[in-house]
Amino acid sequence: MSDILEQTYEKYMQYVNPGLAQLMKFADFGVEMHAEGVFVYDHTGRAYLDFLGGYGTFALGHRHPKVVEAVKAQLDRMPLSSKVFFSALVANFCEALAQVLPGDLRYSFLCNSGTEAVEGALKIARKFTGKHKFIATLGGYHGKSMGSLSATGREQYRQPFYPLVPGFVHVPFGDIDAVAQEMDEDTAGIIVEPIQGEGGIFLPPDDYLPKLRELCTKRNALLIVDEVQTGLGRTGTMFAVEHWGVVPDIITLAKALGGGVVPSGAFSSTPQIWERAFGDNPLIHTSTFGGNPLACAAGIATLQVLQEENLPARAAQRGEQLISGLSAVQQQYPDVVTSVRGKGLMVGVEFALEDVAKLVIGGMTRRGVIAAYTLNNPRVIRFEPPLIVSAEQIDTAVSVFAEALEESVKGLKSLGLL
Ligand SMILES: *Cc1c(COP(=O)(O)O)cnc(C)c1O
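Per my numbering, numbering of the sequence shown is gapless, rising by one per residue and ending at 508.
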């Protein structure tokens, strides 16, 4: 092992998280040194095509020049807010968000991460409705702080922390009848991802979100759509709900919102909901760093770039190319690869066996393409490259996937494991 890798690994063992250190060493990852566009460079100077894209963070790629420039300029003026003066950046960022948000969503609360966006969304849903129960989905992912974890639908991450926030029930994703059954007078809202990300890239039936919308309206419950991962062009439209023509009551955003340069999150809603949430006390929900000038500068530039470079449409196009490429590979190994699915550049490949997923990720990394598991489903690997990815880079990733798959299948067969 080289010096920097050895030292970094040792410090992870001593000061960070020994289990994580061993996991990463086992997966043979080096030390990241710098990044540019679709590429991440490790300590040996080797370039990797980033087809994980920070789980959706790097929609614009790494270090998009317009975002970097806006953030650098702001760094020299005022990086953090005094918190007492008006901030023109907050005003401009929230306005820019309102211009792209679906339907009558207009107001935004700015925070720093996805889990914080979800916490805020749950709080204002409670305050607006005066009710406390939430319906969430099995396999859904909303974050790991106490409130959002209560919505997250995987026991492995929840069980050690019981009791969580009371009032949450989980129903199968895509099952409208199960939601209808659980909904009662005390239901404040339902929280759902339009496409489950960490759950394993699952798309709902086409009538699911429209029916959720209908049901929530009828029962005076709020539809909270978590677009932390799907939002801002990832699935081929600015917001994934647009595929189904649905306008939620509250939308959460994070990952791509800081342009891959500054951490940033937000939840947005309608004037009517905002009035009841913040009307009697504008300080009922606050954040010291939320809406800080660096994050706002990054966010404004990000929304500009998404539109100028037509990134949602490009994601739709490249996504079709990626899915058809991966599907062609799947047809050669129908027993090993059970499904290729996704929308835009949010694509999952499901394997019959967890071991194959592991070997394929390893094989791809060795060949210079980064992909990863979904947190809640280790049989699914996912591809979420920057939306600026080129057609050639998609082709490269598909052939690397094919090679890694062939090698993994051969290896397992020779060991009699397949
Ligand atoms: C990643 C993610 C979160 C949590 O975001 P963090 O910034 O990691 O707290 C919440 N919801 C969804 C859908 C996500 O993909």
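Glycine included, every Cβ here is placed at the ideal spot set by N, Cα and C.
- Here G380 is not near T147, since their CB atoms are 8 Å or more apart.
- Just so you know, the alpha carbons of Y102 and V174 end up roughly 39 Å apart.
- With fewer than three CB-CB distances shorter than 8 Å, the region 356–363 does not count as touching the region 432–444.
- Annotation: Q420 to P155 spans about 37 Å, alpha carbon to alpha carbon.
- Considered as a whole, the region 408–456 harbours 427–433, 436–441 as its complete beta strand (DSSP E) runs of no fewer than 3 residues, in chain order.
- For L312, the enclosing beta strand (DSSP E) stretches over residues 312–316.
- With a 10 Å radius around the Cβ and a threshold of 16 neighbouring Cβ atoms, Q246 comes out exposed.
- Separation of I94 and R456 (C-alpha to C-alpha, rounded to the nearest whole angstrom) is 19 Å.
- L293 is positioned such that its CB atom lies closer than 8 Å to that of I285.
- Where A117 is concerned, there is no enclosing alpha helix (DSSP H), because DSSP gives it neither an H nor an E.
- Taking the Cα positions, L239 is about 17 Å away from F263.
- From the listed residues C201, M454, V157, K448, the smallest Cα separation to L113 is found for K448.
- The nearest non-hydrogen atom of ligand 1 is less than 7 Å from the C-beta of S203.
- The DSSP-derived three-state label of D132 is strand.
- Collapsing the DSSP output to three states places T464 in a strand.
- At least one heavy atom of ligand 1 is found less than 7 Å from the C-beta of H232.
- Taking a contact as a CB-CB distance under 8 Å, the pair F183 and C386 counts as one, their CB atoms being some 4 Å apart.
- Taking a contact as a CB-CB distance under 8 Å, the pair G257 and F224 counts as one, their CB atoms being some 6 Å apart.
- In the structure shown, E275 adopts coil according to DSSP, grouped into three states.
- Set against 7 Å, the gap from the CB of A388 to the closest heavy atom of ligand 1 is not smaller.
- Taking a cut-off of 8 Å on C-beta distances, the region 111–131 does not touch the region 329–341, as fewer than three cross pairs fall below it.
- The C-alpha of L505 lies about 29 Å from the C-alpha of T486.
- If you check the CB distance, A181 and A391 do not come in under 8 Å.
- A direct Cα-Cα distance of roughly 12 Å separates L465 from H232.
- Annotation: K162 to A178 spans about 17 Å, alpha carbon to alpha carbon.
- In the three-state DSSP reduction, Y231 falls in the coil class, being neither helix nor strand.
- A direct Cα-to-Cα measurement between K115 and T325 gives close to 32 Å.
- Within the model, the alpha-carbon separation for D267 versus E288 is close to 23 Å.
- Under the three-state reduction of DSSP, Y197 is assigned to strand.
- For a cut-off of 8 Å, the C-beta gap from G279 to A311 is around 5 Å, short enough to register as a contact.
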